[in-house]
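S.K.: Got a structure for you, questions after.
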Amino acid sequence: MEALVVQALTGLASASSLFLVASGLSLIFGVTRVVNFAHGSFYMLGAYIAVTLTGVLPRGDPVVWWLAIVGASVAVGVIGAGIEMTVLRRIYRAPELFQLLATFGIVLVIQDLALMTWGPQDLLGPRAPGLRGAVDVLGQPFPVYDLVLIAIGPIVLLGLWIVVQRTRFGMLVRAATHDRQMVAALGVDQRLLFTAVFALGSCLAGLGGALQLPREAVALHMDLAIIAEVFVVVVVGGLGSVPGAYLAALLISQLHAFGILVLPEITLVLIFLVMAVVLVVKPHGLLGRPTVHAAAAAPTMVLGPAPRPLRLAALAALGVALVLPWLGSDHLTVLGVDMAVFVLFAASLHLLMGPGGIVSFGHAGLFGVGAYAVALSVKLWAAPMALSLSLAPIAAGLAGVLFGVLCAHLSGVYLAMLSLAFAQILWSTSVQWVALTGGDNGILGVRASGFAPASMAFYYLTLILCLAATLLLRRAILAPWGYALRAARDAPKRAAAIGIPIVQIQWAAFGLAGLAAGLAGGLFAYGKGSVFPTYLSIPKSVDALLIVLLGGVATLSGPIVGAIVFVGLEDVLTRATELWRLVLGLTILALVLAFPDGIAGAVAKATRRA
Amino acid sequence: MLEAIGLAKRFGGVEAVVDVSLHVAAGEVLALIGPNGAGKTTLFNLLAGQVTPDRGRVHLAGQDVTGWTPRALAHHGLARSFQIPDVFRSMTVRENLQVALASHADRLWRFWSPLATTAVAEADCLLATAELGHLADQAAGVLAYGDVKRLELALALVGEPRVVLLDEPTAGTAPAERAGLMRTAIAAARARDAALLFTEHDMDVVFEHADRVAVLDAGRIIASGTPEAIRADPVVQRAYLGHG
Ligand SMILES: Nc1ncnc2c1ncn2[C@@H]1O[C@H](COP(=O)(O)OP(=O)(O)OP(=O)(O)O)[C@@H](O)[C@H]1O
Ligand SMILES: [Mg+2]
Chain A
1 MEALVVQALT GLASASSLFL VASGLSLIFG VTRVVNFAHG SFYMLGAYIA
51 VTLTGVLPRG DPVVWWLAIV GASVAVGVIG AGIEMTVLRR IYRAPELFQL
101 LATFGIVLVI QDLALMTWGP QDLLGPRAPG LRGAVDVLGQ PFPVYDLVLI
151 AIGPIVLLGL WIVVQRTRFG MLVRAATHDR QMVAALGVDQ RLLFTAVFAL
201 GSCLAGLGGA LQLPREAVAL HMDLAIIAEV FVVVVVGGLG SVPGAYLAAL
251 LISQLHAFGI LVLPEITLVL IFLVMAVVLV VKPHGLLGRP TVHAAAAAPT
301 MVLGPAPRPL RLAALAALGV ALVLPWLGSD HLTVLGVDMA VFVLFAASLH
351 LLMGPGGIVS FGHAGLFGVG AYAVALSVKL WAAPMALSLS LAPIAAGLAG
401 VLFGVLCAHL SGVYLAMLSL AFAQILWSTS VQWVALTGGD NGILGVRASG
451 FAPASMAFYY LTLILCLAAT LLLRRAILAP WGYALRAARD APKRAAAIGI
501 PIVQIQWAAF GLAGLAAGLA GGLFAYGKGS VFPTYLSIPK SVDALLIVLL
551 GGVATLSGPI VGAIVFVGLE DVLTRATELW RLVLGLTILA LVLAFPDGIA
601 GAVAKATRRA
Chain B
1001 MLEAIGLAKR FGGVEAVVDV SLHVAAGEVL ALIGPNGAGK TTLFNLLAGQ
1051 VTPDRGRVHL AGQDVTGWTP RALAHHGLAR SFQIPDVFRS MTVRENLQVA
1101 LASHADRLWR FWSPLATTAV AEADCLLATA ELGHLADQAA GVLAYGDVKR
1151 LELALALVGE PRVVLLDEPT AGTAPAERAG LMRTAIAAAR ARDAALLFTE
1201 HDMDVVFEHA DRVAVLDAGR IIASGTPEAI RADPVVQRAY LGHG
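So the sequences go chain by chain: A and B.
Numbering-wise (the numbering used here), the first sequence opens with residue 1 and increments by one.
Numbering-wise (the numbering used here), the second sequence opens with residue 1001 and increments by one.
See the structure below:
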C-alpha cells in the first residue's frame, strides 16, 4: 500500500515535466497549426543550458540555482523565437507534411550543434540546493525535490489558465486556436502573435528540461525520447487544450508509474492502447474541440506515368543493378542491397502517402518489425532463411493492419502523430526488453549459410524479391482496389456514396504496406547480419518520408529513383563528414524553404509551364 | 419506392428539417424547391445516410433503412449527386465511372487485374448517356464546371439505382445547357424505371420537367402537388415565388 502511494507520487512528479513540455507544444499547435517536432529539442536544450548555467554560477545557493533554471528556460524561449522568425514563419502555408519535415530538419541541426557544444558524454547537473533530502511518506523515503515538482505542474497550469483566460494576449491565443479568420478580423499583427506564442511554448519546453536536472543525466537522445511521449499526451489531451494536456500528462504518467510495477515491458503498449481507446471514443482528445480548419487543399495530385527522364533514370538504374556485383567491390554490392531494400521500403510508404493520402510518420515501425521477426526467428529457433523471410512480412503486415484499425479513421495531424508514437513504442520495446532483443546491443549473427551479406547470391535474392514486391505493389495500385483507395482520398463522401468500403480498403493498405515494409526490413536484417533498435527509430521513418518526397508522391517510379539517390547521397555524406546530421538537416530546411508547395508541386508547375 | 416519414434534424439552434414526409414512386419525377437554406440539401443527406435524423424514418423499396450508412444505401439501390461536385479529381472521367462500377459489382477487392480493363463497355455506355464520351480520357480535375455536373450525373446512374437524388444538377451551368442536362437526367431515370428526386432553383426547368413538386421552406414542406397546382398556390407564391 505505502509503496503504491509513493509510486503514485512519483507519477505525479513526472507528470509535471511532461505537462510543461506538452502544454508548450499544444499552445504552439493551437495558434500556428504547426506540429513542432523540434519541441523535444527545446526540452533537451533547456536541460543542457541549465547544466552550463549552474556550472558557471556560484554553487550551493538555492536562489542562484533557481535563477539558472529560469534563465535556461528564457534562453530556450529566445532560441525558439529566433527559429520561428527565420524558418517557420516561411512555411505556415506549406502542407502539414512539409512543416513536420522542416521541424525535423531543426531537430537534426540542434542535435549536431548540441554534440559540438556539450560533447557526446552524458552530463550531470548539481542537485537543487536545500532540496536534496528525502521526506518520510507513510514510512517510505520520498525525494523532497519531487514534491516541489508535483506542485509546479498545477502552478504553471493555473498561471497559463490566467494568461489564456484573463489577458488580451490570451484572448488572441484563444481566438487563433478556435478560428483563424477571427484573428485577422481583430486587426492584430499575426506575426507578432505567432512569434510570442512560439517563444512562450519553447520557454515551457526549456523549463521542463531544466527541471529534470536533479532527476536524470542530460543526454543527446533526450529530444526524441520525450517527443513521442509528448505527442501522446497532446493527442490524448486534445490538440490546443492546456488543461487537456495536464489531464493527459497525469494519466500517462500514472500508467507509467504503475505499469512499471506490474509488467515493465507492457507499459508502453498499454499507453498506446489507452491512447487508441481515447481517440476512438473522442477523436479530438479528452478536452480538445474540433477546430475550424482552413478548407483542405483540393487533391490535384494525379497519379500518372512518370516524366520521361525519370523513367529513363529508373531503367538505367535497373541496368546497373543487374551487373553491380560483377564490378568486384564489396562496398558497392552492399550499397546495392541497401538501395534495393530502400526502394521497397519507400514504395510501401508511397502506397499509403500517394494513393492513400495517408501520411505515416512511423513507417520504420513496420520495417523494424520485419527486421526483428527475422532476427528473433533466427536467434530463438535457428529458422532457415525461407521461413524467417516469410515471417517478416507476415508479422509486419499484421502490425500494419492493427495499426490501420487503430488509426485509419483519424485525420492528418493526428494520424501523423499517432503513427510516430506507435513506432516509438515499438522502438522503446526493442530497447527495454533486453532479455529478448538485446536492447541497444541488438541481435547479432543474423546469417543464412550460402547467403553472406556481400555475396552475389544474397545480392540477387534481394534484388529479385524487392523488385517483385515493388512491382506487385504497383499492380495493386492500378487494380480496382488501388483506385478505390484513391477514390477515398480524392472524395471520401462521394466514395462512400457509391458504396466503397473506405475503412476496410484503408486497413488493407496498411496491411499491404506492412507486408512490403516487413520484407524490406527482413532483407535488411540479413544484409547487415544484425538488427538494432535504430531500425525502428524516428530518423528511419523520416528517411522514408524524405525519399518519397524527393521522388515525388505523384508518380509510381518516383520513390524508386528517390531511394537510389537518397541511399547514394547518404553513403557519400556519412563517409565524408562527421556532421552528417547537420548537413542533412540543413538540406531538408533548404528544400522545404525553396519548395514550400512540395517538390512534386514544384515539378508539376515547372512541367506545366514548359 | 422511397418514403420519408416525419424526418427531423436540428444543427445547434437551427432546425434544418422539421417533420418532413414525402414519397417518390418508381418512374416518378419529384422536384424539391425552396429558398436558399430551406433544408433541401440536409433532407438529401438524411435520405442518403450522410446525416442521421433526430426523428423520423426512411423506407427504401419497402425496407426500413433509417440509420443505414451511405455505403449500405448505395448497395441497396440509392444513388445521389452532390450540390458541390465531388468527383475523383486525380482520375480520368472514364476511371471515375469504372471505379464506381467496380464498387457496385463488388469487384473492389481485386489486386491483380488492372482497372483499365474493368467494365469498359458499361463505363462508355454511361458516358454516352451523359454526353461525356468525347472527354473519357480527360482528367476529372480539369473539367469545365458543366462537364463536372455531367460526370456527377453519370456517377449517380451507376449500378441501376432504384432511387436517384440529384442536388441542383444544373446549378452553375450555362442557361442554354440546363434544359438539355435535365432532359438527359430524366430520360435516364425513366429508362431505368427509377424514382427521381431533384432540387433546382430554375423554375422553368422545374415546371417543365417534374411530375410533382414539393416546396420546402424553413425545413417544412409547405405545399406539394402538380406543377400547375404549385404555380397557382397562394401560400407558395407568398413564401417563395414572391421573392424570386
Ligand atoms: N452540417 C451543418 N451544421 C450546421 N448547420 C447546418 C449544417 N448543414 C446545414 N446546416 C444549416 O441548415 C440549414 C439548411 O441548409 P441546407 O444546406 O440544407 O439548405 P438548402 O436548402 O440546401 O440551401 P441551398 O439552396 O443554398 O443549397 C441552413 O441554415 C444551414 O446553415
Ligand atoms: Mg443545398
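Note that beta-carbon positions come from the ideal geometry of N, C-alpha and C, so glycine has one too.
Give the interface partners of His-1059 of chain B over in chain A, defined as CB-CB distance under 7 Å, in chain order.
M.R.: Counting from 1 along the second sequence, the entry for residue 1059 of chain B is found at position 59. Simply none; closest approach about 19 Å.
S.K.: What's the C-alpha gap between Leu-1165 of chain B and Ala-1074 of chain B?
M.R.: For this step, residue 1165 of chain B is matched to residue 165 along the second sequence. For this step, residue 1074 of chain B is matched to residue 74 along the second sequence. Cα to Cα, the separation comes out at about 11 Å.
S.K.: Would you say Ala-1074 of chain B reaches chain A, if we count a Cβ-Cβ gap shorter than 8 Å as a contact?
M.R.: Numbered from its first residue, the second sequence carries residue 1074 of chain B at position 74. Judged by the 8 Å Cβ criterion, Ala-1074 of chain B is in contact with chain A.
S.K.: Taking Cβ positions only, does Lys-1040 of chain B come closer than 8 Å to chain A?
M.R.: Position 40 of the second sequence holds residue 1040 of chain B. Not an interface residue.
S.K.: Find the nearest neighbour of Ile-106 of chain A within the set A:Gly-80, A:Pro-264, A:Glu-229 and A:Thr-117, judged by alpha-carbon distance.
M.R.: Position 106 of the first sequence holds residue 106 of chain A. Comparing Cα-Cα distances from Ile-106 of chain A to each of A:Gly-80, A:Pro-264, A:Glu-229 and A:Thr-117, the minimum goes to A:Gly-80.
S.K.: Confirm the yes/no value for this check: CB of Asn-1036 of chain B, any heavy atom of ligand 1, distance under 7 Å.
M.R.: Locating residue 1036 of chain B in the second sequence gives position 36, counting from the first residue. Asn-1036 of chain B: yes, Cβ under 7 Å from ligand 1.
S.K.: What residues are listed by DSSP as bridge partners for Asp-1204 of chain B?
M.R.: As a first step, residue 1204 of chain B is located in the second sequence; it is residue number 204 there, counting from the start. In DSSP, Asp-1204 of chain B forms no bridge with anything.
S.K.: Mind the definition here: the segment 316-332 of chain A touches the segment 439-459 of chain A only if three or more C-beta pairs lie below 8 Å; say whether that holds.
M.R.: Taking 8 Å as the limit for Cβ pairs, the verdict is that the segment 439-459 of chain A does touch the segment 316-332 of chain A.
S.K.: Does Phe-37 of chain A come out as helix, strand or coil in the three-state DSSP assignment?
M.R.: Residue mapping note: residue 37 of chain A aligns to position 37 of the first sequence, counting from 1. Phe-37 of chain A falls in the coil class under three-state DSSP.
S.K.: Is Glu-1152 of chain B closer than 8 Å to Phe-1198 of chain B when the C-beta atoms are compared?
M.R.: As a position in the second sequence, residue 1198 of chain B is number 198, starting the count at 1. As a position in the second sequence, residue 1152 of chain B is number 152, starting the count at 1. No, these two residues do not count as a Cβ contact at 8 Å.
S.K.: With 8 Å as the limit, tell me which residues of the segment 1093-1106 of chain B have their beta carbon closer than that to any beta carbon of chain A; keep them in chain order.
M.R.: Correct list: Glu-1095, Gln-1098, Val-1099, Ala-1100, Ala-1102, Ser-1103 and His-1104.
S.K.: Interface residues of chain B around Gly-499 of chain A at Cβ under 7 Å?
M.R.: Working through the first sequence from its first residue, we reach residue 499 of chain A at position 499. Near Gly-499 of chain A (Cβ distances below 7 Å), the residues of chain B are Arg-1071, Ala-1074, His-1075, Ser-1103 and His-1104.
S.K.: Closer than 8 Å is the cut-off here; do at least three beta carbon pairs connect the segment 336-348 of chain A with the segment 483-501 of chain A?
M.R.: As far as the Cβ criterion goes, the segment 336-348 of chain A does not touch the segment 483-501 of chain A, which means the pair count is below three.
S.K.: State yes or no: is the C-beta of Val-163 of chain A within less than 8 Å of the C-beta of Gly-153 of chain A?
M.R.: On the first sequence, position 163 is the one that residue 163 of chain A refers to. On the first sequence, position 153 is the one that residue 153 of chain A refers to. Taking 8 Å as the Cβ cut-off, Val-163 of chain A and Gly-153 of chain A do not qualify as a contacting pair.
S.K.: So, with DSSP's three-state summary, where would you put Arg-447 of chain A?
M.R.: Start at 1 with the first residue of the first sequence, and residue 447 of chain A comes out as number 447. It is coil, neither helix nor strand.
S.K.: Considering only residues of the same chain and omitting the five flanking positions on each side of Ile-110 of chain A, which have a CB-CB separation below 6 Å?
M.R.: Counted from its first residue, the first sequence places residue 110 of chain A at position 110. Excluding sequence neighbours, Ile-110 of chain A sits near Ser-41.
S.K.: Drop a sphere of 10 angstroms on the beta-carbon of Pro-488 of chain A, count the other beta-carbons inside from all chains shown, and report buried for 16 or more, exposed for fewer.
M.R.: By 1-based counting over the first sequence, the position of residue 488 of chain A is 488. Looking at the sequence provided, one finds Ala at residue 488 of chain A rather than Pro. Per the 10 Å Cβ criterion, buried.
S.K.: Does the contact criterion of 3 or more C-beta pairs under 8 Å hold for the segment 202-222 of chain A versus the segment 43-61 of chain A?
M.R.: Judged by Cβ distances under 8 Å, the segment 202-222 of chain A makes contact with the segment 43-61 of chain A, as three or more pairs qualify.
S.K.: Should Ile-505 of chain A be flagged as near chain B, meaning a C-beta pair shorter than 8 Å?
M.R.: Mapped onto the first sequence, residue 505 of chain A falls at position 505. For Ile-505 of chain A, the answer is yes, since a Cβ of chain B falls inside 8 Å of its Cβ.
S.K.: Taking only three categories from DSSP, how would you classify Val-87 of chain A?
M.R.: In the first sequence, counting from the first residue as 1, residue 87 of chain A sits at position 87. Coil.
S.K.: Let me make sure I understand the geometry here. Which of A:Phe-361, A:Ala-496 and A:Trp-381 has the alpha-carbon closest to that of Leu-101 of chain A?
M.R.: Counting from one through the first sequence, the residue named residue 101 of chain A turns up at place 101. With distances taken between Cα atoms, Leu-101 of chain A lies closest to A:Phe-361.
S.K.: Within 7 Å: the Cβ of Ala-1016 of chain B and any heavy atom of ligand 1?
M.R.: Taking the second sequence and counting its residues from 1, one reaches residue 1016 of chain B at position 16. Yes - ligand 1 has a heavy atom lying nearer than 7 Å to the Cβ of Ala-1016 of chain B.
S.K.: Chain B partners of Ala-479 of chain A, CB-CB under 8 Å?
M.R.: Sequence index remark: in the first sequence, residue 479 of chain A carries index 479 (1-based). In chain order: Arg-1110, Phe-1111, Trp-1112, Ser-1113, Pro-1114 and Leu-1115.
S.K.: Verify whether the separation of the beta carbon atoms of Val-218 of chain A and Val-56 of chain A is less than 8 Å.
M.R.: As a first step, residue 218 of chain A is located in the first sequence; it is residue number 218 there, counting from the start. As a first step, residue 56 of chain A is located in the first sequence; it is residue number 56 there, counting from the start. No; because the gap between Cβ atoms is not below 8 Å, this pair is not in contact.
S.K.: Just the residues with CB closer than 7 Å to a heavy atom of ligand 2, in chain order, which are they?
M.R.: Listed along the chain, these residues meet the criterion: B:Lys-1040, B:Thr-1041, B:Gln-1083, B:Asp-1167, B:Glu-1168 and B:Thr-1199.
S.K.: Write down every uninterrupted run of the alpha helix (DSSP H) in the segment 339-411 of chain A whose length is 4 residues or greater and which is fully enclosed by it, in chain order.
M.R.: List check, alpha helix (DSSP H) in window: 363-381 and 385-407.
S.K.: Quick one: is Tyr-48 of chain A buried, meaning 16 or more other Cβ sit within 10 Å of its Cβ, or exposed?
M.R.: Here residue 48 of chain A refers to the residue found at position 48 when the first sequence is read from its first residue. Classification of Tyr-48 of chain A: buried, given that the 10 Å Cβ count is 16 or more.
S.K.: Which residue's Cα is closest to the Cα of Gly-365 of chain A: A:Val-343, A:Phe-403, A:Ile-358 and A:Lys-282?
M.R.: The sequence position of residue 365 of chain A within the first sequence is 365, counting from 1. Of A:Val-343, A:Phe-403, A:Ile-358 and A:Lys-282, the residue nearest in Cα terms is A:Phe-403.
S.K.: For a contact meaning CB atoms closer than 8 Å, what does Arg-1162 of chain B contact in chain A?
M.R.: Walking along the second sequence from the start, residue 1162 of chain B turns up at place 162. Neighbours of Arg-1162 of chain B on chain A: none; closest Cβ ~14 Å, over 8 Å.
S.K.: Near Ala-373 of chain A, which residues of its chain fall below 6 Å by C-beta distance, leaving aside the five closest residues on each side in sequence?
M.R.: For the purposes of this step, residue 373 of chain A is taken as residue 373 along the first sequence, with counting starting at 1. The answer, listed in chain order, is Leu-391, Ala-392 and Ala-395.
S.K.: At what residue ranges does the segment 262-287 of chain A contain a whole run of the beta strand (DSSP E), taking only runs of 3 or more?
M.R.: Runs of the beta strand (DSSP E) inside the segment 262-287 of chain A: none found.
S.K.: What is the C-beta distance between Leu-53 of chain A and Ala-72 of chain A, in whole angstroms, given that I count them as a contact (C-beta under 8 Å)?
M.R.: If you number the first sequence from 1, residue 53 of chain A lands on position 53. If you number the first sequence from 1, residue 72 of chain A lands on position 72. About 6 Å separates the two Cβ atoms, so the contact holds.
S.K.: Given a cut-off of 8 Å, decide if Ala-1239 of chain B and Pro-1227 of chain B are closer than it, judged by their beta-carbon atoms.
M.R.: If you number the second sequence from 1, residue 1227 of chain B lands on position 227. If you number the second sequence from 1, residue 1239 of chain B lands on position 239. No, they are not a contact pair.
S.K.: Is the separation between the beta-carbon of Val-1158 of chain B and that of Leu-1101 of chain B shorter than 8 Å?
M.R.: Residue numbering aside, residue 1158 of chain B sits at position 158 when the second sequence is read from its first letter. Residue numbering aside, residue 1101 of chain B sits at position 101 when the second sequence is read from its first letter. Cβ distance < 8 Å, so Val-1158 of chain B and Leu-1101 of chain B count as in contact.
S.K.: For Leu-1032 of chain B versus Leu-1007 of chain B, is the C-beta distance shorter than 8 Å?
M.R.: For the purposes of this step, residue 1032 of chain B is identified with residue 32 of the second sequence, where counting begins at 1. For the purposes of this step, residue 1007 of chain B is identified with residue 7 of the second sequence, where counting begins at 1. No.
S.K.: Would you call the CB atoms of Val-567 of chain A and Asp-338 of chain A closer than 8 Å?
M.R.: On the first sequence, position 567 is the one that residue 567 of chain A refers to. On the first sequence, position 338 is the one that residue 338 of chain A refers to. The answer is yes: Cβ separation under 8 Å.
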